[in-house]
Every structure is written in C-alpha cells, then in structure tokens.
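Participant: Take this structure, written in structure tokens, and hold onto it; I'll ask about it next.
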Amino acid sequence: MGLTQRVLPPDAHGERRLALDMRWNAFLAACGLLAVPLPLEADLADATLRQAGCTGVILTGGNDLQAYGGDAGERDQLEEHLIRRAADEGTPLLGVCRGMLMLLHVHGARLTRVEGHAGTRHELVGTYAGRTVNSFHNWGCVEAPPALEVVARAGAVAEAIQLPGTRIAGVMWHPERSDTPDPADLTLFVEMFGKD
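Take a look at the structure:
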C-alpha cells in the first residue's frame, strides 16, 4: 500500500521531513499488507506506486488541511491528486482521519470544529453500529456532499464515508493506534485492499 505521510515543521537546521507512525507497519502486516511511504511530489508518488507494485493508497492522519489553517499545502495537493487518480483508475483508496477530511474537502464538504472528539473513544451508529472507536480529531463534518455516502456517525459527526460505486472510503478513527488490531478493522482493510 502507498501511504501518505505527515509533514513535520522545519528543524533547527531548516530541514523539513516526512513522518509515518511506525504502528502502520505492524497493523498492515496483520492485514497481510506492506507499507510503502510516498514522497510529496505527485509524479514521484505515481512512479513509486507503479514501481513498488502498490495496489492501493492510504491517506494517513496528521496535519490540518491548508484551507483550515494547516501549513502543509504540498500534502493537500498530493492527496487531492491521489484521490482523483484513484477515481480515474479504480484504485482502492482509504482516507484515515485527516485522509477522510481530505476526501470530504475534495468533494466540496464544509468542515467544522468539533468538540469532545480528540483523545476520546465513542460508539458508532450506522454500518459500524456497536463499534467503539478511538478519536483524535478536532475537525469534522456533519453534512456530507451528495457524492459521498455517510455510513457511520458519532452523534451528528460523520465517522465513515464511501464514494458509491468505487473502492474509495474514509474513516475518522485510527486503526493503527490500537494495541491489538480490532478484528473489524482487519476485515475492513482485507476487504478493501485484498481483493481484485
């Protein structure tokens, strides 16, 4: 799987770095998948996906969107490119937390600040009814644009979406941050990325 990465602020030497939570490797391995970190440049990301034989893309968490005060505009551009590429080519793509917000944003959703979601756990209703998931986000969406279907909510806030007729979806929780992978998340990833 090709994974986008968090953009870190410049260090004391002015060097900017990309970072990926190390827990992604263990979680994806439990799903029978491997993580391939992607560079920020769209053409290099495309080349990486092709040459590494990636069969899907994961838009990971971290960094607020530039339209909402974030300072990683290059990441927004890359992820928008990857979303459009996945739609054009039929490639599976899953947005996690920030990645789901990017999916919403690209399709015209208006994001709002949400209270009581960062550093908590909450129960879902909808397709994932009965699941209790972690939550680390300060931004969310109540009204999704018509192109996207909300398949789970926590209160009024959308917690999972899908683009009907495609293998493009998003979740607001972090499957990689559980001490033991949730079987429901393993199933989600295997179904999303493990079938042709």
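Each residue of the sequence shown is one higher than the one before, starting from 3 at the first, in our numbering.
Glycine residues also receive a C-beta, built at the ideal position from the N, C-alpha and C atoms.
Just so it is clear, the structure is predicted and the values come from calculations on it, not from any experiment.
Looking only at DSSP bridge pairs, what is serine 137 linked to?
Facilitator: Partner(s): Thr122.
Participant: Which residues bound the alpha helix (DSSP H) around alanine 156?
Facilitator: From DSSP, alanine 156 is part of no alpha helix (DSSP H) but of the beta strand (DSSP E) over 151–156.
Participant: What's the call for aspartate 78, buried or exposed, on a 16-neighbour Cβ count within 10 Å?
Facilitator: Buried: at least 16 other Cβ atoms inside 10 Å.
Participant: Comparing C-alpha positions only, which one of Thr182, Leu190 and Ala186 sits nearest to arginine 25?
Facilitator: Of Thr182, Leu190 and Ala186, the residue nearest in Cα terms is Thr182.
Participant: Output the distance between the C-alpha atoms of alanine 21 and glycine 118, rounded to the nearest integer angstrom.
Facilitator: Those two C-alpha atoms are separated by around 26 angstroms.
Participant: Roughly how far, in whole angstroms, is the beta-carbon of glycine 110 from the beta-carbon of leucine 61, given that I think they are within contact range, below 8 angstroms?
Facilitator: That belief does not hold up - the Cβ atoms of glycine 110 and leucine 61 are roughly 17 angstroms apart, past 8 angstroms.
Participant: Does the segment 120–130 come close enough to the segment 143–157 to have 3 or more Cβ pairs within less than 8 angstroms?
Facilitator: These segments touch.
Participant: Check for me: the alpha helix (DSSP H) holding valine 98 runs from which residue to which?
Facilitator: Not the alpha helix (DSSP H): valine 98 falls in the beta strand (DSSP E), residues 95–98.
Participant: Return yes when the C-beta of leucine 46 is under 7 angstroms from any heavy atom of the ligand NAD, and no when it is not.
Facilitator: Inclusion of the ligand NAD in the displayed structure is not the case, the ligand content being empty and no account of it being possible.
Participant: Can you check the segment 40–117 for any beta strand (DSSP E) of at least 3 residues that lies completely inside it and give the ranges in chain order?
Facilitator: Listed in chain order, the complete beta strand (DSSP E) runs (minimum 3 residues) inside the segment 40–117 are 59–61 and 95–98.
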